[in-house]
């Protein structure tokens, strides 16, 4: 059972099973195995290894066949899980076929490409949540968009508007967030550079193998292996930053409109949002948790950009490894933020009478 | 004469005049005036204001006609320069036409749209520098790409490769950086929402006016005014993050290859890179300053994302204002990083004999 | 068995059991229970609740008596674990004593004070690792400090020095890091403000109760409840930043001195640091992982400062909750960095002959 | 006239002259000259150089005697201003005494020690502003502390309290912020390591010279030169983070209490806080600008920690240089935030009738 820092009962939550599974050790393990299998399959197609070897490798590339404790011990020694994984894989495949495992490859190729698979999964999960949020926003706009309300700028009553102004900008932000994730998810590059990033160890069919691995895994072929040119990581960080911005703004504005003195929105759900000391309260806990999760993102983006832009020689001595936990946390926080926001909007109650009353108060103030 | 924190003699820069000018108070002022003029022109075209008013406004919208001290005083009172600017503009235009200045508009529309103009200029400047770097990398690849060298992974001698492996990945990163800036620069949205972001104050021709202002200024029409849905800011932050990553990686790798013990690259320029205490040294100062400038970017991206994703109500009470200095610093640091890197590669000397010698040493080590 | 993002086989490691335990859901749960018990004990001492109630509450405050699934469900509804925890606690205590559970208290008091207990544990664990590193550095200085070597500044051979110059500055950094953690750990404030932070619900003995709870838990009494004045969180972030800086600099310098071309240091351990593709390599994986872990810290500090400095009203609507996962990740990353560095220095081999050879090379270069 | 990015009319600031002056090129130049003079004076006292030389050097160490254009040109070549500065200084001193300028020293010693002088000035300026804020908060507490009001937690009406609860926590935060800055300002270390950080070039009196330079400049003697052990920079970053947290929380809470629907606080000043489109508004612009300035700090702290914890060999190849603009921006943003907050509290109006009315509303809600 995957259980992770950011989805434990005292930290995050909601939609936790999917998010936890996505970035779990098991998911990472299977993603690496998928890359090894795809590589073998591609190499078989171009005649670099026997077809039977590729089949045997595919058969072996199942997470449940790997001894996790052994892998953990090997990871501590090697600093990266691929070395121990390849050893186990060769043992499982056995015989002559074992020599065709990880042919011409290197830890970074397997690990980076697996990271792209996990990124694709994170994008998909987050896009789904954002889509659900957009559907809810759309419905709010249809149901309550015509309601007159007072706009507030720089905290002060400004001019009359309608609730459609709120849902309109929320929708546009979700649209842009989904677009940013889709654009990135649709251009995630495979990594097949070999030990020093020049593809030479993959032999004369390197380009063809790369193309086929990319196709098989739903990735694209980069202009050049990106072993120490981490613009793909920066692009991911940027796209997730856009998604977290949309969620953050909506959650901030939900929270602002639920302030008791404003009272134009409220989260209503049986048993939710109570207080350990004040029974009368109705806290907008889902919007609050969405904000809290979205607030993790800027710092993680900074970590990723720092790591991505400091890579030395042909494989970086620290900055590369630094990307891993930050990406996991980025995916988890953003997906959680989106899903908490979905929950908030499912619970939301629009108080159009309060909107009208506040508008009247504001109009009086403006004319005196 | 513009003089800025990050371009002072004790902080940054090469190419300082262009970068300093770009984000100078004067440039910001002129950009705001350009937006006012474009708005008036568009409103005249659709018949919202008289053509003569638009002409008078255009004539008035020149930075040198604005009293900077008065504007500064007004900015301290209003917290934003637009209020005082509009007052001065109305005085300059005078007469009946004065009433057509800033028609239906609001501070945020002028300021945000001006920011997009400055962003476009920053993109252009940085793309030019990155293009120059790419040209230099391309030339290095042609001249020295065939040179054999030892690759280093996780700091250790790995396998033989050629210098083309270095220039190949550098070029691909620059290509991606330029692409990211171009994509963003080509989709910068105009902001015309009016005081509360619903475009109502621009009247029945709001959509048409928006379209024409966007065309005139080289911007695009957003799906909805983004007053408090700051995904456009997040997208800018992301694109500049990609650019800084490419520059950072190249600069880091230049620096690594200049380490005296490695010695495969050196910056050579008469009088440059000396030491106040050690006359024999040849420090790769341009690459070092490129790294230093690129290192500013992740923190600034975090600031921008935090601000962009925390915007309240219809105009944010702090997070909006927080974007301004961070964007200026982001543009300045990234453009500086790119231009320092250009200077570094202009000075670079590739020592193919040293590469060959190091490769030989490495080969001996591998076979013993 | 605690298992966390940053200690899974594919992310972090070393010393994982202690670190994982520290920030695990179980540890957080027990810390909250310890606060409830200390509060009851203090209240009994001043006569606010019967002594028997305090004893019954203490007896109930054991993590293993809490139903985790039920608590998780309640946490999703309430957005914070304390509400469900108090309910279960009252059920366990039962009878009339149940009414004395959480007397006058509020979720934030329990949660914040528990966070201080966890912070104290994290400080202690990290200080221990840093102390181990300091002992190793001291030994290196004694054993190899007299070895002549060439110093390198801005990547270039500079002037001769000895290895004691390296160990001297490392030791001073560790000393400062330990000092920063100790100073912070020794001034962690209890939080007892009650529902709105003014201590009124604790009644006339509030000050005395606060003092006794602080004593019992090894914390200090703050000048005022810090419900939405989060300078204590900022101080923690700052101290951990100092610790990560010392570790980061040492790890960076270990890595630099292991570059094959430099070769003055190496990590040597049977089976460690190998490559999946290049059998001859000896990667300094422990130092690399130390760098990677330390690189997580600046972004997390930014997240904490952003959250800490944006707290609204009497309990913050998102920024407070945002502190939780960031603190956990901060403690875990810093403790991991320190422990990886300990492992690196345990494995370190100082090559004084190589130092002498490099010095000779450098001297030749300087005199030609 | 100093003019800087963050103090231009379109970006920041109140109190701009003092802050701009503090981090201006001129101030940095004079600080470096002060260090050169203090070094010469100390060296004369211990007999390392003739007393007359120290006097001549002191006489020469005045910023107005330095040719800024020449220095700028030299800085571009050398990457750091000290080299060109020492050359000019030697020319100004002239004759035999010129050889005693910068005796045994190095760029980093001068630059780092000058940075500590600027840091001390920034601390002093910011402490003064925070002290002014504390005085204003204290007065607010005396004048209005007894006023009953409703507390709000997680945006919802919670329990009655008084305004003293607000001013009490504000005061405690300011107290802690001032304490953090004072503690750091009182322990800023001199840097005198010589070219490679081992003090050897300062000769047998190095320790004595260091002690005297520190005394003369109001700094402390570090345990070891910190050329590439940047815990002092991390400590500064941490202390400023505490200051920005206190300011940020107070500004956030001022802003929240000015929301038109809440209306318990307002900024009132003739001509301030108006709108370019809505004449009736009274925006809390000073509190808003305080928030905006404080929001710059976390990202800058992250930049500083990243740079501080990545320093290579005996002088870092980029991370050192990266500290400079980030420190300038940190000092400027924090001092500005504190001073905008002072202005906000000078303008603040406490509406105790509105507090009473809101409390009544809340009480009705709680009992129905």
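Residue numbers (the working numbering), protein chains in the order written: chain A, 1255 to 1622; chain B, 1255 to 1622; chain C, 1255 to 1622; chain D, 1255 to 1622.
Where is the CB? At the ideal position from N, CA and C, for every residue including glycine.
**Q.** Validate contact between the region 1283 to 1296 of chain C and the region 1379 to 1394 of chain C using beta carbons, cut 8 Å, 3 pairs
**A.** no
Q: Consider the C-beta atom of residue 1415 of chain D and the heavy atoms of the ligand ATP; say whether any pair is separated by less than 7 Å.
A: The ligand content of the structure shown is nil, which means the ligand ATP is not present either.
**Q.** Short Cβ contact (8 Å threshold) for residue 1370 of chain A with residue 1473 of chain A
**A.** yes
Q: For my contact list, residue 1464 of chain A and residue 1444 of chain A are in at a C-beta cut-off of 8 Å; report their separation, rounded to the angstrom.
A: 6 Å
Q: Classify residue 1483 of chain D as helix, strand or coil using the three-state DSSP reduction.
A: coil
(Q) List, in chain order, every chain A residue whose beta-carbon is nearer than 7 Å to that of residue 1473 of chain B. (A) Here the premise fails: no neighbours, minimum Cβ distance about 15 Å.
Q | residue 1557 of chain D classed as buried or exposed, judged by whether at least 16 other C-beta atoms fall within 10 angstroms | A | buried
Q. At least one CB of chain C closer than 8 Å to the CB of residue 1525 of chain A: is that the case?
A. yes
(Q) Within the continuous alpha helix (DSSP H) that includes residue 1372 of chain D, where are the two ends? (A) Residues 1361 to 1398.
**Q.** Span of the beta strand (DSSP E), counted from its first residue to its last, around residue 1404 of chain D
**A.** Element bounds for residue 1404 of chain D: 1402 to 1407.
Q: Kindly provide the ranges of any alpha helix (DSSP H) runs that are 4 or more residues long and lie completely inside the region 1549 to 1616 of chain B, ordered along the chain.
A: 1551 to 1562 and 1573 to 1601
Q: Please work out which residues of its chain come closer than 7 Å, Cβ to Cβ, to residue 1310 of chain A, disregarding the five sequence neighbours upstream and downstream, and give them in chain order.
A: 1347 and 1351
Q.
Quick check: residue 1438 of chain D and residue 1470 of chain D, are their CB atoms within less than 8 Å of each other?
A. no
Q. How close, in whole Å, do the beta carbons of residue 1317 of chain D and residue 1280 of chain D come, if the pair is a contact with beta carbons under 8 Å?
A. 6 Å
Q | Contact set for residue 1513 of chain A: own chain, Cβ-Cβ below 6 Å, skip 5 residues either direction | A | none
Q.
Quick check on DSSP: helix, strand or coil for residue 1464 of chain B?
A. helix
Q) Exposed or buried, residue 1541 of chain D, counting other C-beta atoms within 10 Å across all chains shown (16 or more means buried)? A) Residue 1541 of chain D comes out buried.
Q: Taking residue 1520 of chain D as part of the beta strand (DSSP E), name the residues at either end of that continuous run.
A: 1519 to 1521
Q.
Between the alpha carbons of residue 1477 of chain C and residue 1589 of chain D, how many angstroms are there, rounded?
A. 24 Å
Q) So with Cβ pairs under 8 Å, would you call residue 1590 of chain D a contact of chain C? A) no
Q: Flag residue 1567 of chain A as yes if its beta-carbon sits less than 8 Å from any beta-carbon of chain B, otherwise no.
A: yes
**Q.** Partner residues on chain A for residue 1479 of chain B, Cβ-Cβ distance less than 8 Å
**A.** 1423
Q.
Give me the residue from C:1406, C:1620 and C:1499 with the minimum Cα distance to residue 1419 of chain C.
A. C:1406
Q. My guess is that residue 1493 of chain C and residue 1548 of chain C are in contact by the Cβ rule of under 8 Å, so how many angstroms apart are they, rounded?
A. The pair is not a contact, with the Cβ atoms about 14 Å apart (cut-off 8 Å).
Q. Going along the chain, which residues of the region 1378 to 1401 of chain B sit with their C-beta nearer than 7 Å to a C-beta in chain C?
A. none
Q | Candidates C:1535, C:1593 and C:1597: closest to residue 1272 of chain C by CA position | A | C:1593
Q) Is DSSP giving residue 1268 of chain B helix, strand or coil here? A) Model confidence at residue 1268 of chain B stands at a pLDDT of 41, short of 50, so the residue's coordinates are unreliable; what they give is reported in the following sentence. DSSP places residue 1268 of chain B in coil when its eight states are reduced to three.
Q) Name the chain A residues that come within less than 7 Å of residue 1554 of chain C, Cβ to Cβ? A) 1553
Q: Look up residue 1258 of chain C in the DSSP assignment and say whether it is helix, strand or coil.
A: At residue 1258 of chain C, the pLDDT of 38 sits below 50, so the modelled position is not reliable; the number obtained from the coordinates is stated separately. It is coil, neither helix nor strand.
Q. If you draw a straight line from the C-alpha of residue 1315 of chain A to the C-alpha of residue 1447 of chain C, how long is it?
A. CA-to-CA, the gap between residue 1315 of chain A and residue 1447 of chain C works out to about 56 Å.
Q) Under 8 Å between C-beta atoms, does residue 1410 of chain D make it to chain B? A) no
Q) Nearest to residue 1599 of chain C by CA position, among C:1307, C:1504 and C:1579, is which residue? A) C:1504
Q.
Can you pull out the residues from the region 1534 to 1545 of chain A whose beta carbon lies closer than 8 Å to at least one beta carbon of chain D?
A. 1534, 1535, 1536, 1537, 1538, 1539 and 1542
(Q) Quick check on the burial criterion: 16 or more other C-beta atoms within 10 angstroms. Buried or exposed for residue 1335 of chain D? (A) buried
**Q.** Inter-residue spacing [alpha-carbon to alpha-carbon] between residue 1616 of chain A and residue 1554 of chain A
**A.** Their backbone Cα atoms lie some 41 Å apart in a straight line.
Q | Positions along the region 1483 to 1508 of chain B whose CB lies within less than 7 Å of some CB in chain A | A | 1483, 1484, 1485, 1488, 1489, 1491, 1492, 1493, 1495, 1496, 1498, 1499, 1500, 1502, 1503, 1506 and 1507
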